[in-house]
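Participant: Dropping the structure in here first, questions after.
Numbering (the working numbering), first residue to last: 1 to 190.
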């Protein structure tokens, strides 16, 4: 029963943070949405920040699961990389809390929003770095700095998935895969 109540509080808090952002969310508001007393929240979480980071850590675990499930042993490195990254970025793009945190960061620069988004990016980069190391060991890609490569690939994906569509029509998953193949697999050299 305590686990159900805790999960109920986490779900209500996620909705509240997604609606109001980190800064405007209060424990009173979370308690109202969860239909519990504020003291009940404090039996599970010391403060708003601890509750917030529990929510973000759960989201990061879901991201890692989505990325891991996108990897198919018989597919090529680049096919798996594309499927994993595209799935994760689409998930992030549609996740109401990350949308609100991005907006809050741009508008008022809340440190907790910045840290939460950085933690998400670090988790994605860590997953990619390990995936790149394994591919390098298997001889699927040339030797490279996995940390730098993960960063560059993620930045390109973010640019193609998020930034591009701010001024142009969104690219499809296949178009993004083709562009990644041009830039990373084949290169631009004739």
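Using N, Cα and C, we set each Cβ at its ideal position, and we do this for glycine too.
I need the straight-line Cα distance from residue 154 to residue 125, nearest angstrom please.
Facilitator: One-based indexing of the chain shown puts residue 154 at position 154. One-based indexing of the chain shown puts residue 125 at position 125. Distance between the alpha carbons of residue 154 and residue 125: 7 Å.
Participant: Is residue 96 near the ligand NAD, in the sense that its beta carbon is under 8 Å from a heavy atom of that ligand?
Facilitator: The ligand NAD is absent from the structure shown, which contains no ligand whatsoever.
Participant: Are the beta-carbon atoms of residue 67 and residue 151 separated by less than 9 Å?
Facilitator: Counting from 1 along the chain shown, the entry for residue 67 is found at position 67. Counting from 1 along the chain shown, the entry for residue 151 is found at position 151. No, these two residues do not count as a Cβ contact at 9 Å.
Participant: Identify every run of the beta strand (DSSP E) within the stretch 148 to 175, keeping only runs that are complete inside it and at least 3 residues long; order them along the chain.
Facilitator: none
Participant: Expressed to the nearest angstrom, what Euclidean distance is found between the alpha-carbon atoms of residue 214 and residue 98?
Facilitator: Any question about residue 214 goes unanswered here, given that the chain covers just 1 to 190.
Participant: Please list, in chain order, all residues of the same chain as residue 104 whose beta carbon is under 8 Å from its beta carbon, the five residues on each side excluded.
Facilitator: The residue you call residue 104 lines up with position 104 of the chain shown. Same-chain partners within the cutoff: 21, 22, 23, 110 and 113.
Participant: Given a threshold of 16 other Cβ atoms within 10 Å of its Cβ, counted over all protein chains shown, does residue 80 qualify as buried or as exposed?
Facilitator: Taking the chain shown and counting its residues from 1, the one referred to as residue 80 is at position 80. Counting every other CB atom within 10 Å of its CB across the protein chains shown gives residue 80 a total of 16 or more, marking it as buried.
Participant: Assuming contact is defined by CB atoms lying nearer than 9 Å, are residue 185 and residue 171 in contact in what I supplied?
Facilitator: For the purposes of this step, residue 185 is taken as residue 185 along the chain shown, with counting starting at 1. For the purposes of this step, residue 171 is taken as residue 171 along the chain shown, with counting starting at 1. In this structure, the beta-carbon distance from residue 185 to residue 171 does not fall below 9 Å.
Participant: Which residue comes first and which comes last in the alpha helix (DSSP H) that contains residue 129?
Facilitator: The residue given as residue 129 occupies position 129 in the chain shown. That run of the alpha helix (DSSP H) goes 111 to 137.
Participant: The alpha helix (DSSP H) with residue 28 in it runs from where to where?
Facilitator: Residue numbering aside, residue 28 sits at position 28 when the chain shown is read from its first letter. 27 to 34 is the span of the alpha helix (DSSP H), which, as asked, contains residue 28.
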